[in-house]
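Written below as structure tokens is the structure these notes are about.
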Amino acid sequence: MKTVYNFGGDADYSDPRQKDKTVTGGKGANLAEMAGIGLPVPPGFTITTEESLSYLTRGEAFSDKLRADVAASLAHVERAVGKRFGDPEDPLLVSVRSGARVSMPGMMDTVLNLGLNDVTVEGLAANSGHSRFAWDSYRRFIQMYSDVVLELDHGLFEEALEIAKEDRGYFTDVEMEADDWQKLVGQFKTIVEQERGEPFPQDVHEQLWGAIAAVFESWESDRAKVYRRLNSIPAGWGTAVNVQAMVFGNMGETSATGVAFTRDPSTGERTYYGEWLVNAQGEDVVAGIRTPQYLTKARREAAGADLPSMEEAMPEAYGELARVFDLLETHYRDMQDIEFTVQQGKLWMLQTRSGKRTAKAALKMAVDMADEGLIDQETAILRVDPMALDQLLHPTLDPDAERDVLGKGLPASPGAASGKIVLDADTAELWSNRDESVILVRVETSPEDIHGMHAAKGILTARGGMTSHAAVVARGMGRPCVSGASAVSIKLDERTLRIGDREFKEGDIITLDGATGEIMAGQVPTIEPELAGDFGVLMDWADKHRRMGVRTNAETPDDCRTARGFGAEGIGLCRTEHMFFDAGRISAVRAMILADDESGRRAALHRLLPEQRGDFAEIFRTMTGLPCTIRLLDPPLHEFMPTRDEEFEELSESLSVGVDHLKRRAAELHEFNPMLGHRGCRLGITFPEIYEMQARAIFEAACEVTAEGGDPVVPEVMIPLVATRRELEILRELVDRVAEEVFTEQGRTLDYLVGTMIELPRAALMAGEIAQEARFFSFGTNDLTQTALGVSRDDAGRFLAPYVDKGIYAKDPFVSLDIDGVGQLVELAAERGRATTPDIKLGICGEHGGDPESIAFCEKVGLDYVSASPYRVPIARLAAAQAAL
Ligand code: PEP
Ligand code: MG
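Start counting the sequence shown at 1; every next residue gets the next number (the UniProt record's numbering).
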């Protein structure tokens, strides 16, 4: 097997291994590819990743074969360039760079100008006619080689350069003359000898092997190991080494160097985009010592810049570059990120790779390239990261604005917002009615805060994870939310709070970035999203290619409309408890909970019935023609309980019952572990009148809306937190009975489905039996994750981050489904459910229904639909299409 592959000159590219990134690394494969299609690539060779690994396992020793192959390849480069390595008259110089399978920025630096020594530098000076250039190149080489290969402190060299400039009264490197550089080279060599105990290597072959060894060994450096761990890169990949003839962008005014993109990486526009510098070497562009110039005339003019663009200053080289851009795009069928050098008027390509891009650019490029015929629709769909769409649907912080960051919490719901701090939901509503922007800050939120969350522009909580109440509700409403920000501590009685070490009071302005979890002082300007035509086009293509349906989790008509606008094909989860908190209702709900007996409860429920019926009718109207899954009451009753004295007093007055009595009832209802307590179907089993009222409201509303004309409503009634078949049987019979009653009263019959959520491990295991009672299953993976992992979803925020940092969970399991564990429960329940009831409809309505990786898993298991919060619907549509391709 070959250890080294040549490129450029008369190289032969017939071995397919050469263009295989796993063998020659990303850079090496692309250099061969570019040279192979006839682009001007300086000749060179790539040592394979396999050789780096065998060097390391051999105890850092080169094999004889590698030594022989490198010698032969060096001869290839010498032939192609017409110069000899180490030639005192006209020396060949090379660069040595690492190149792993994927780019690993900063893992290993580059060594440029290798092959210079005290003799060849004179030859370079004489031959190029640029003495300054030769000595500058030599000092750069010593500096880089000492840093990267000899591992000496680079600060010593920088210090010497600074002193040299100071002594001569210079401000910039540009002012240094040939003999200034020559003197500095002498000083650099002294530093090397002092630090190393040996002189700087003068033998060019020793230089080359030293650099190759350093690249090989860099694979095992601490920073490479950290980078690999953070990016899940296996240690067994190894890195390739690229040795390439140097070309010089610093050979005077007809030379230049630059970086460029074939399209604008921030907007996606089809214009050449990049920066370049006359008379400079690669690192000068990025180092920021000189201000880079614009590539095109149009850009320079738009920016009002004085220095000429490359198009104007070097029209020939620019014309050649433009030709190369087009060739590369047609070849790679993607936007390329390029490094180039112009040496005395001639263009050379040093690197190409697929360029990083913003969400907006990714979308535009995918659609444009499909329209141009460069890629097909399937490829266009796969090109856009579904999560990146989030950036397009919400306002984001102006990237150029200053930020005074106070602390960080979990990025619970994307978007950015500024407003006055308010510490309770009523104040939020009050101030927002006065047209003020407010940010609701709470220790954690409860269903009681819904109206305040709705009124607020953003939500910040000190506690709670990614599926805490605040996070779920905020995502549903499309409000930015930062949750679990432990740096926040609230003093409600003083109406103040601390964020980190800073003190704030209610009314002070803060800004939240729900995409990063950052909390900032004051107002930071935001940019509104632009849902341009490309978005709709890509979504249409995605819809054509996906198999699974996409529904939404929504309960207010507003959210339903938003979700429908985003393409939701029905409601997968309507959490009815959210409707119990509207101002007029909460007292009836509390009266129901605190009633002493069934008749008391029924009286209170009677007051709620018309309200619920109205809610459902509105939802059915908004979602006309689409399926709607309505879940009966789920959360523990105490969530609705009054807590403040005024609330008890108000209730006591409206019910004519003493405050003490109410407080005693409240104490009786206290639970130690409400998440595992009196909630879900257990409420329906113990207080059937609650579910009877809700079922009645659903069927009456369905009859009412059907009677208005249009498509008949087909309600799907969902029973939460079922663990046994018998629970579902009892409650299904209850729903059937109520349906029958309503149909008789209304003189019309409607189709409807009764189904359940699978959100307890027992339910998943017993899905075969439970399916006998169910027409559909919806996986409630929030609770299923909570119960399978034994991790409280409301407390996870406090300890899950270190778990993810340590790799115990690859991702927050409340965000991305724990496929290995919880996934097994889903898969098994789907299989067992289908075995009993082959046409059972299967969906998911946990937060994972809006997470692309989890959606891919749902496709694999064969679920019929996913349900996501309104703003995640487009993400789910795209992710479902990608999963199906
Ligand atoms: C779930 O548990 O996944 C679910 C959707 O229900 P909730 O989040 O309301 O408990
Ligand atoms: Mg649940």
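A virtual CB, placed ideally from N, CA and C, is assigned to each residue, including glycine.
Just so we're clear, the structure is a prediction, and the values are computed from it rather than from any experiment.
Distance CB(residue i)-CB(residue j) smaller than 8 angstroms
i	j	result
Tyr871	Leu393	yes
Asp15	Lys2	yes
Val384	Leu363	yes
Ser266	Asn553	no
Arg575	Ala588	no
Met757	Leu721	yes
Tyr13	Ala32	yes
Gly8	Ala126	no
Pro386	Ile875	yes
Ala515	Asp390	yes
Val717	Leu632	yes
Met104	Thr352	no
Ala764	Leu828	yes
Leu397	Asp513	yes
Glu506	Ile421	yes
Tyr273	Leu307	no
Gln207	Gly115	yes
Val873	Gly572	no
Leu734	Ala695	yes
Ala313	Val367	no
Trp219	Arg101	no
Gly458	Ser483	no
Gly677	Pro636	yes
Pro40	Val77	no
Gln344	Ser255	yes
Phe325	Thr262	yes
Cβ-Cβ separation, residue j to residue i (assumed contact under 8 angstroms), whole Å
i	j	result
Ala485	Thr511	So it is not a contact: roughly 13 angstroms between Cβ atoms.
His638	Leu669	6 angstroms
Thr257	Ser98	With 8 angstroms as the limit, Thr257 and Ser98 do not qualify as a contact, their Cβ atoms being about 20 angstroms apart.
Glu195	Leu230	Contact flag wrong, Cβ pair sits at about 32 angstroms.
Val714	Tyr752	6 angstroms
Val826	Glu847	So it is not a contact: roughly 14 angstroms between Cβ atoms.
Met477	Arg564	Actually they are not in contact, since the Cβ atoms of Met477 and Arg564 sit about 15 angstroms apart, beyond 8 angstroms.
Thr836	Ala771	4 angstroms
Val111	Val149	7 angstroms
Between the CA atoms of residue j and residue i - distance to the nearest angstrom
i	j	result
Pro525	Met365	27 angstroms
Gln824	Leu784	11 angstroms
Ser418	Ile490	19 angstroms
Ile808	Phe799	12 angstroms
Val659	Ala666	10 angstroms
Phe188	Val443	59 angstroms
Ala474	Gly517	14 angstroms
Phe640	Asp337	56 angstroms
Asp597	Ile619	32 angstroms
Asp64	Ala71	11 angstroms
His545	Ile855	14 angstroms
Glu329	Asp376	14 angstroms
Glu729	Phe776	14 angstroms
Thr190	Ala134	19 angstroms
Terminal residues of the alpha helix (DSSP H) in which residue i lies
i	result
Trp181	178-196
Trp431	425-433
Phe216	204-218
Glu339	No alpha helix (DSSP H) contains Glu339, which is instead part of the beta strand (DSSP E) from 336-343.
Ile450	450-455
Phe620	598-622
Arg732	725-746
Trp541	533-545
For residue i, the first and last residue of its enclosing beta strand (DSSP E)
i	result
Tyr5	4-7
Glu503	502-505
Cys703	Element bounds for Cys703: not the beta strand (DSSP E) but the alpha helix (DSSP H), 688-707.
Asp513	509-513
Leu406	405-408
Ser255	Taken as a continuous stretch (DSSP letters only), Ser255 belongs to no beta strand (DSSP E), as it is neither H nor E.
Pro715	715-719
Lys491	488-491
Sheet register partners of residue i (DSSP bridge)
i	result
Glu518	Lys408, Asp513
Q. Among all residues, which have a Cβ less than 5 angstroms from at least one non-hydrogen atom of the ligand ADP, and in what chain order do they fall?
A. As far as ligands go, the structure on display features the ligand PEP and the ligand MG and does not contain the ligand ADP.
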